[in-house]
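The next block holds one structure in the form of structure tokens; read it before the comments.
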Amino acid sequence: MNNPQYPVARSTNLVVQEVPNEVLIFDIDTNKAHCLNKTAALVWKSCDGKRSVSEIAEFVGSETGEQVSDDLVWLAIDQLNETNLLEDQVTVDFKGQSRRDALKKIGLASVIALPIVASLAAPQNALANMSCGCITITDCNPLDGCPTNNCGQDVSGLCR
Amino acid sequence: MESFGVRIRIESNDEELLTDAAENLRWAFAEKMEISDDDGDVALSFGLEKSGKEFILYRDGEYFSKGEIKKIFLKYMNSVVRNRVAEFAPDHTFIHAGSVGWKGRSFIFPAKSFKGKSTLVSELVKLGADYYSDEYAVIDDNGLNHPFPRPLSLRTGEGKDLREDEVPVAEINGIAGTEPIPIGMVVLTEFDPESAEQLRRLTTGEGILETLVHTIPFARDPETSLKRLKSSLNRAIILKGIRGDAKDFALTVLSNIDNNLDSELISESFFGGDNE
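This is the structure:
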């Protein structure tokens, strides 16, 4: 076994929605939404606590029909760590290389897409992106200010 | 009143204020609401109080806002009621977006306020697209987009001279869509007159991620929101980037879209060479 760690995908307080070749995850704890591409999703799904990193690489390889290195799995795990999508943080092992160097090496060698986890903070307030209904600051003033606190004095002097 | 399955009680100590509020809501909700005296179960309530020169708004029994200019007060009340409907509609998910219909598919333009949604929608309508909304895309479990054809809020002037007019779609010689239709294209753009137009194509997952920021009930019900976003966007072309003038962009959009919205038929130049 190349690595003694057996990562476990987090399952609590997550809303998961699969779309073709991607998985969307909303983390209720952090109020962040994540989009895992196919490679990252395969790694995440195979983190069952029973597979080592090498076994995950084998699993992803069998699913994609391509040779998959441990480094590629580590790259995914690194991002899953950062986005809090594993039960416990896993110490990433790029075998002495920096993440940047590992990424370069994997990128040149890998046939399958590099794992990508894209993240965005979800709106906490339904009105966050909405106008308060005022058009200018002078409209908001007689309204006891902007009640949604979304009446920013941006460069144009508009309420937003 | 009831709209999209959300029943809201609106009461006032002033009959004239209540009548004006009802008229204001009818205007802004187009035909998407019913007013009745039925005092059955309501999800939400608003109180409109006239007190001397002041108009005071209460939401669910608690003070919310006040103002002295009735027109501004009612306009604000209206936007609060609309937002509550948008947040609590049980069978629909509201996305803050402009929306038009074109050859049986809809294009939606999710964006924050003051990012040019109404202007872009009005230009598309002038070119023959059906008007769906300048504020909401309203999606259901089947992924269909429903019209919410309130009068367009068109702004003119700048700075202190800025004004906003509420313009019925017929006044720009447009027609409002009446049927729910599938979403063919999502365009996430910001207007920048200084930049060259540049759009890149997003995957379905990336597109949903970007759109959920504009999905009004997302914080309250992420699970249903994600399901409906998936249903409605899984066959759509999703573009993100910078656009220039709304009139030119509207022409570009329509001239590049085929009847079937087949992505292969969209000119490569449309994407600024950066698509997948």
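Just so you know, the protein sequences line up as chains Z and C, in that order.
Note that our numbering gives residue 736 to position 118 of the first sequence, counting from 1, and the numbers run on in steps of one.
Note that our numbering gives residue 258 to position 256 of the second sequence, counting from 1, and the numbers run on in steps of one.
Heads up, the beta-carbon is just placed ideally off N, CA and C, and yes, glycines get one too.
Item, Value
"Output the residue ranges of the alpha helix (DSSP H) runs that lie fully inside the segment 674-741 of chain Z and measure 4 residues or longer, sorted by chain position.", "688-700 and 717-727"
"C/E57: which of C/D40, C/V169, C/V102 and C/K77 sits nearest, CA to CA?", "Note on identity: in this sequence residue 57 of chain C is Phe, with Glu being the wrong assignment. The shortest Cα separation from C/F57 among C/D40, C/V169, C/V102 and C/K77 belongs to C/K77."
"Using a Cβ cut-off of 8 Å (strictly closer), state whether Z/V637 contacts chain C.", "yes"
"Ignore the nearest five residues each way along the sequence and tell me which others in C/E125's own chain have a CB closer than 7 Å to its CB.", "A248, K249 and A252"
"Please tell me whether C/Y133 and C/V102 are closer than 8 Å, where the distance is taken between their beta carbons.", "yes"
"Comparing C-alpha positions only, which one of C/L154, C/I210 and C/M35 sits nearest to C/A91?", "C/M35"
"By how many angstroms is the C-alpha of C/K73 removed from the C-alpha of C/L20?", "13 Å"
"Which residue's Cα is closest to the Cα of C/K119: C/I177, C/S38, C/F193 and C/P219?", "C/F193"
"Strictly under 8 Å for the Cβ-Cβ distance: is Z/F677 near chain C by that measure?", "no"
"Between the Cα of C/D136 and the Cα atoms of C/E199, C/V215 and C/P112, which residue gives the shortest distance?", "C/P112"
"Report all residues from its chain with a CB closer than 8 Å to the CB of C/R107; omit the five preceding and five following residues, and keep chain order.", "I183, P184, I185, G186, M187 and L263"
"Is it the case that the Cβ atoms of C/F352 and C/H94 are separated by a distance below 8 Å?", "Because chain C is modelled from 3 through 278, residue 352 of chain C falls outside the range shown and cannot be assessed."
"Kindly give me the distance between the Cβ atoms of C/R84 and C/S47, rounded to whole angstroms, as I take these residues to be in contact under 8 Å.", "Incorrect: roughly 16 Å between the Cβ atoms, too far for contact."
"Using a Cβ-Cβ cutoff of 7 Å, what residues of the segment 639-660 of chain Z are near chain C? List them in chain order.", "E640, L642, F644, A651 and C653"
"For the alpha helix (DSSP H) containing C/K52, name the first residue and the last one.", "No alpha helix (DSSP H) contains C/K52, which is instead part of the beta strand (DSSP E) from L46 to S53."
"Count the other C-beta atoms from every protein chain shown that fall within 10 angstroms of the C-beta of C/E208, then say buried if there are 16 or more, exposed otherwise.", "buried"
"Hey, out of Z/K722, Z/S687 and Z/K656, whose CA is closest to Z/S670's CA?", "Z/S687"
"List, in chain order, every chain Z residue whose beta-carbon is nearer than 9 Å to that of C/I210.", "Q635, V637, E640, L642, A651 and C653"
"In the structure shown, what three-state DSSP assignment does C/A252 receive?", "helix"
"Roughly how many whole angstroms lie between the Cα atoms of C/S53 and C/T121?", "38 Å"
"Quick one: Cα of C/P170 to Cα of C/W29, how far?", "9 Å"
"Given 8 Å as the limit, is there contact between the segment 696-714 of chain Z and the segment 641-654 of chain Z, that is, 3 or more CB pairs closer than that?", "yes"
"By the 9 Å beta-carbon criterion, what residues does the segment 27-41 of chain C contribute toward chain Z?", "none"
"Please list, in chain order, the chain C residues whose beta carbon lies closer than 8 Å to that of Z/L738.", "L211, E212, L214 and V215"
"Using 10 angstroms around the beta-carbon of Z/N649, count the other beta-carbons present and answer buried if the total reaches 16, otherwise exposed.", "exposed"
"Buried or exposed for Z/Q635, please, with buried defined as at least 16 other CB atoms from any protein chain shown within 10 angstroms of its CB.", "buried"
"Going by beta carbon distance, what residues of the same chain come within less than 6 Å of Z/V633, once the five residues before and after it are set aside?", "F644"
"Are any of the Cβ atoms in chain C nearer than 8 Å to that of Z/I753?", "Caution applies to Z/I753, whose pLDDT of 49 falls short of 50 and renders its modelled position unreliable; the value that the coordinates give is listed next. It does; some Cβ of chain C falls within 8 Å."
"C/F109 by DSSP, collapsed to three states: which one?", "strand"
"Is the distance from the Cβ of Z/L726 to the Cβ of C/L228 below 8 Å?", "no"
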